[in-house]
Each structure stands twice: as C-alpha cells, then as structure tokens.
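Below you'll find the structure, written out as structure tokens, and then a few comments.
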Amino acid sequence: YVTLIEETPLDTTYNIKRGIVSSILVFLCFGVIQAKDGPFTRPHPGDYFHCTSQRLSELSLRTVDDGRQFMKFIDSKLGVPLPERDYGGNCLIYDPDNQNDHFHNVWVRLATNNTVMIRDWWMCTIVSVMFEFLEYSLEHQLPNFSECWWDHWILDVVLCNGLGIYCGMKFLSWLSIKPYHWQGLWSIPTYKGKMKRIVFQFTPYSWVRFEWKPASSLERWFAVCGLIFMFLLAELNTFYLKFVLWMPPEHYLVLLRLLFFVNAGGVALREVYDFMNEHFANKLGQQAWMVAAVIVTEFLIVVKYDPYTLTLPLPFYVTQFWICSLLGIFIWTIWRFFISTSKRFQFLLNFLHLVVLHCPPPHLFPLYSAN
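Numbering (this note's numbering), first residue to last: 135 to 505.
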C-alpha cells in the first residue's frame, strides 16, 4: 500500500514516525514467530513473545543525546521541563481542593497484579514496606517521594497495597481451586458455553502455587533477596525515569510501561521460580533475562541522564539505618546458614558481649569510665 498506492507525504517528522513504527512492527512480528516457548501459553504464546520483542525494541530506542526530545515523536506535549509541584507540603487528611485522586485506584490494581505475579503474601508485604523506606531515604533526590507519614503507612501500605494484596490473594485462592478441564471451542454445544470458553482463554491453562522458601537453603535465600532487589529497582526506575525524561505522572506512557512490566514480569517470575526448582527447568528463561536487562538498562539511562541527582549524598541518619539493616541481614545469614543449631546460643552470647563492650548503653558509661 505504501509503495504502490499511497502518495508519500512531504512531512519529514511524520515520515520518521512511520519509519520507526514500521521497524518496530517488523521486529515484533519476527519475535512472535521466532521466540522460544515459555511457561505461559494463555491467551496465546505469541502474546508473551510480543512482550519480549517489545522489551527489545524499548532497548533499541533509548538514546542519550536526544532522549528527552525524542519523546516528542510519541507525544508533542513531552520534551519540556516539569513544573514545580508541592508533594509533601500539605498534610491534610482531607483536602477539599483535591477530593479525588485516581492514582489510588492505580496503586490498588498494581498491588493486586504484583501479588498475582509473586504469589506470596510475605514477599509482597516486604516489597511494600521496603519501598516506603526507600521513599523516606530518597526524598532528598526526588520531590514526589516526600509524603506525609500517614500517606506512607496508612494510605500506601495499609489501604492501597494492603487492599491490593488481599484482593490478589483472594484471586489466587480462586485460581488454585478452579477446575482446569479444557475442551475445544467447537465441541461445546451452546453459545453460552462458547462465550464462557472464550473468556476463560484469558485465564491460566493450569496453576502452580509458588513456595519460595527463602530460608530453606543459602541459594534460595540469595535468589529471593536478588528478586526483591530487582523488583524494588524496577519500581524506583518508574519514578526516576519520569523525572529524567520529563514525563508527568499522569501521562499514559507511565501506565503503559507498568502494564508491559506486569505482562513480561509475570512470565519472568515464573521462569525464575522454575529455575529455583530445578526439576522444572535447568536454566533461566529468556523472559527473565530480558526483564532483568530492561531493568538494568533503565537504571543506566537514569545514571547517564542525571548523575547529579543520583549522587546527592544520603542524610547521615539514612546511611546509619541502611548500614544497620544490611548488617542485620548479614548476621542473620551467618546465623541461619553457617552456624549449627548447637552453637547458635554461644554465638549469640559472644555477639552480645562484643556489642556491649564496644557500644555500651548510656547508663553504663560511668562504670566503663571508672574502669
């Protein structure tokens, strides 16, 4: 059609947009045909090949010199600096000037999707709480991390994420008890049954319950810690990319990126789980590698575009908190995997003696000074 029928427009910008779109479509079609099978086959295996190809095309479209201006090819309103906004200045529980915020519904749905991907209540709660600590730690870098205390813990953790995790776990319970007996569409006699079968095509072919068991072995412990780290990094990339690419929070591209990660991340987490249970898979799947590459590449884009913001020094109390937290995780790892049960009590006594000796409580200062 373009070659034989359509008269080529003289608009250079329009032609560049069409060239980019056509290149992406050709690449996506190739990915749908040639990509390997993964653990997800519904609604169609090609859907997840499409997600893989979309991730690759996203990598190929990232540039450094004109990244912000390139966004204008997608939306002419982009490519301009974001206006100054006050995020944490107004701590009113009810603001009559801002009665409705559609982002609350988005966070509940995202928490539900994250729960369906991870399939574990404890891990979802840990991710939710740790992200709030990250917001506290990085609010000196990004203004939209500066929130009121009730916004952090009541609105985000308890209401939005808590409700999302609850809905996700209920949905997982339904999927676990749902019978999975499939039959061909044309073998169903009634139209109602055919429509029901079409709708169920968008549900899993079968169901596997995730049991991560992070404390069962050192390898699984490191794998779960790495999984949580990548999950948190992907969520941080959402905010940092908006900041460095000058994208307003309500822009549709932000939501599209999150939807892409929900589709691709679900497959990636299943591949990671199968790899951790070696009787399912003996190597890590391509979607897991692809999602990890995208997360790391997004972070590198943030580093490339705005190293000044990322290198702003952490407040001293934040540094102390994370050093103590990482030290606690390290000590627990040694305690759990390298010290036998019979020697743990003696290890605890030695550790407490070391702490009291080098960091005595305040009421013992006179005693230590007298000695």
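Ideal Cβ placement from N, Cα and C applies to all residues, glycine included.
- [ ] For the segment 359-386, list the alpha helix (DSSP H) runs that are entirely contained and at least 4 residues long, ordered along the chain.
- [x] As summarised for the segment 359-386, there are no continuous alpha helix (DSSP H) elements at least 4 residues long confined to that stretch.
Open item on the list: So for residue 427, helix, strand or coil by DSSP?
Closed with: Counted from its first residue, the sequence shown places residue 427 at position 293. Note: residue 427 maps to helix in three-state DSSP.
TODO: For residue 201, I'd like the list of residues in its chain whose CB is within less than 7 Å of its CB, leaving aside the five on either flank, ordered along the chain.
DONE: Locating residue 201 in the sequence shown gives position 67, counting from the first residue. Cβ neighbours of residue 201 beyond the five flanking positions: 379, 439.
Task: Selected residue, minimal CA-CA separation from residue 301, among 412, 249, 485 - done: For this step, residue 301 is matched to residue 167 along the sequence shown. Looking at the Cα atoms, 249 is the closest of the given residues.
TODO: Pull up the distance between the alpha-carbon of residue 371 and that of residue 299, whole angstroms please.
DONE: On the sequence shown, position 237 is the one that residue 371 refers to. On the sequence shown, position 165 is the one that residue 299 refers to. Near 22 Å, if we compare the C-alpha coordinates of residue 299 and residue 371.
Task: Backbone secondary structure at residue 274 - three-state DSSP - done: As a working note, residue 274 is residue 140 in the sequence shown. Reduced to three states, the DSSP call for residue 274 is coil.
- [ ] Can you say whether residue 149 is buried or exposed, counting buried as having 16 or more other CB atoms within 10 angstroms of its CB?
- [x] Along the sequence shown, one-based indexing puts residue 149 at 15. Counting Cβ neighbours within 10 Å, residue 149 comes out exposed, since fewer than 16 surround it.
Task: Nearest-angstrom Cα separation, counted from residue 290 out to residue 283 - done: Your numbering for residue 283 matches position 149 in the sequence shown. Your numbering for residue 290 matches position 156 in the sequence shown. When rounded, the distance between both Cα atoms is 10 Å.
- [ ] Taking the CB atoms as reference points, tell me whether residue 473 and residue 481 lie closer together than 8 Å.
- [x] The residue given as residue 473 occupies position 339 in the sequence shown. The residue given as residue 481 occupies position 347 in the sequence shown. Cβ distance < 8 Å, so residue 473 and residue 481 count as in contact.
Task: Closest Cα partner of residue 270 within the set 436, 393, 214, 452 - done: As a first step, residue 270 must be located in the sequence shown, where it is residue number 136. The residue with the shortest Cα to Cα distance from residue 270 is 452.
Open item on the list: Whole angstroms are fine: how far does the CA of residue 411 sit from the CA of residue 426?
Closed with: Position 292 of the sequence shown, counted from the first residue, corresponds to residue 426. Position 277 of the sequence shown, counted from the first residue, corresponds to residue 411. Straight-line Cα distance between these residues: approximately 19 Å.
Open item on the list: Check this for me: beta carbons of residue 374 and residue 430, under 8 Å apart or not?
Closed with: By 1-based counting over the sequence shown, the position of residue 374 is 240. By 1-based counting over the sequence shown, the position of residue 430 is 296. No, these two residues do not count as a Cβ contact at 8 Å.
TODO: Would you mind working out which of 156, 214, 141, 153 sits nearest residue 381, comparing C-alpha positions?
DONE: Locating residue 381 in the sequence shown gives position 247, where the first residue counts as 1. Of the candidates 156, 214, 141, 153, the one whose C-alpha sits nearest the C-alpha of residue 381 is 214.
Task: Exposed unless 16 or more other CB atoms sit within 10 angstroms - verdict on residue 356 - done: Here residue 356 corresponds to residue number 222 of the sequence shown, with the count starting at 1. The residue in question, residue 356, is exposed, as its Cβ has fewer than 16 Cβ neighbours within 10 Å.
Task: Given 8 Å, three or more beta-carbon pairs between the segment 202-210 and the segment 257-275 - done: They do not touch, by the three-pair rule.
Open item on the list: For residue 349, which residues in the same chain have their Cβ closer than 8 Å to its Cβ, ignoring the five residues on either side in sequence?
Closed with: As a first step, residue 349 is located in the sequence shown; it is residue number 215 there, counting from the start. Around residue 349: 355, 470.
Open item on the list: Tell me the DSSP secondary structure of residue 179 in three-state form.
Closed with: The residue given as residue 179 occupies position 45 in the sequence shown. A caution first: residue 179 carries a pLDDT of 47, below 50, which makes its placement in the model unreliable, though a value can still be read off. In this structure, residue 179 counts as helix in the three-state DSSP scheme.
Task: Where residue 292 falls, given that 16 or more other Cβ within 10 Å makes a residue buried - done: Here residue 292 refers to the residue found at position 158 when the sequence shown is read from its first residue. Exposed, because fewer than 16 other Cβ atoms sit within 10 Å of the Cβ of residue 292.
TODO: Count the other CB atoms, across all protein chains shown, that sit within 10 Å of the CB of residue 343; report buried if there are 16 or more and exposed otherwise.
DONE: Taking the first residue of the sequence shown as 1, we reach residue 343 at position 209. A residue is called buried when at least 16 other Cβ atoms come within 10 angstroms of its Cβ; residue 343 does not meet this threshold and is exposed.
- [ ] With DSSP as the reference, label residue 353 as helix, strand or coil.
- [x] Counting from 1 along the sequence shown, the entry for residue 353 is found at position 219. Reduced to three states, the DSSP call for residue 353 is helix.
Open item on the list: Quick check on DSSP: helix, strand or coil for residue 464?
Closed with: In the sequence shown, the residue the question calls residue 464 occupies position 330. Helix at residue 464.
Task: Closest residue to residue 396 among 449, 247, 147 (Cα-Cα distance) - done: Here the question's residue 396 lines up with position 262 in the sequence shown. With distances taken between Cα atoms, residue 396 lies closest to 247.
Open item on the list: Quick check: the Cα distance between residue 444 and residue 295, rounded to an integer number of angstroms?
Closed with: Taking the first residue of the sequence shown as 1, we reach residue 444 at position 310. Taking the first residue of the sequence shown as 1, we reach residue 295 at position 161. Each residue's alpha carbon lies about 27 Å from the other.
Open item on the list: Quick check: the Cα distance between residue 261 and residue 364, rounded to an integer number of angstroms?
Closed with: By 1-based counting over the sequence shown, the position of residue 261 is 127. By 1-based counting over the sequence shown, the position of residue 364 is 230. Going from the Cα of residue 261 to the Cα of residue 364 covers about 10 Å.
Open item on the list: Considering only their Cβ atoms, is the gap separating residue 307 from residue 341 smaller than 8 Å?
Closed with: Mapped onto the sequence shown, residue 341 falls at position 207. Mapped onto the sequence shown, residue 307 falls at position 173. For residue 341 and residue 307, no; Cβs fall outside 8 Å.
- [ ] Determine the DSSP secondary structure at residue 441, reduced to helix, strand or coil.
- [x] As a working mapping, residue 441 is identified with position 307 in the sequence shown. In the structure shown, the three-state DSSP call for residue 441 is helix.
Task: Buried or exposed (CB count within 10 angstroms, at least 16 for buried), residue 346 - done: Stepping through the sequence shown from its first residue, residue 346 is reached at position 212. Buried: at least 16 other Cβ atoms inside 10 Å.
- [ ] Figure out for me which residue from 147, 368, 409 has the closest Cα to the Cα of residue 203.
- [x] Translated into the one-based positions of the sequence shown, residue 203 becomes position 69. Among 147, 368, 409, the Cα nearest to that of residue 203 belongs to 147.
Task: Residue interval of the alpha helix (DSSP H) (run including residue 204) - done: Mapped onto the sequence shown, residue 204 falls at position 70. Residue 204 -> alpha helix (DSSP H) spans 201-204.
TODO: Taking all protein chains shown into account, decide if residue 461 is buried (16 or more other Cβ within 10 angstroms of its Cβ) or exposed.
DONE: As a position in the sequence shown, residue 461 is number 327, starting the count at 1. Residue 461 is exposed by the Cβ-count criterion.
Open item on the list: Taking a contact to mean a Cβ-Cβ separation below 8 Å, would you say residue 275 touches residue 144 in this structure?
Closed with: Counted from its first residue, the sequence shown places residue 275 at position 141. Counted from its first residue, the sequence shown places residue 144 at position 10. In this structure, residue 144 does not lie closer than 8 Å to residue 275 by Cβ.
Task: Burial state of residue 258 (16 or more Cβ within 10 Å) - done: Within the sequence shown, residue 258 is the residue found at index 124, counting from 1. By the 10 Å Cβ count, residue 258 comes out buried.
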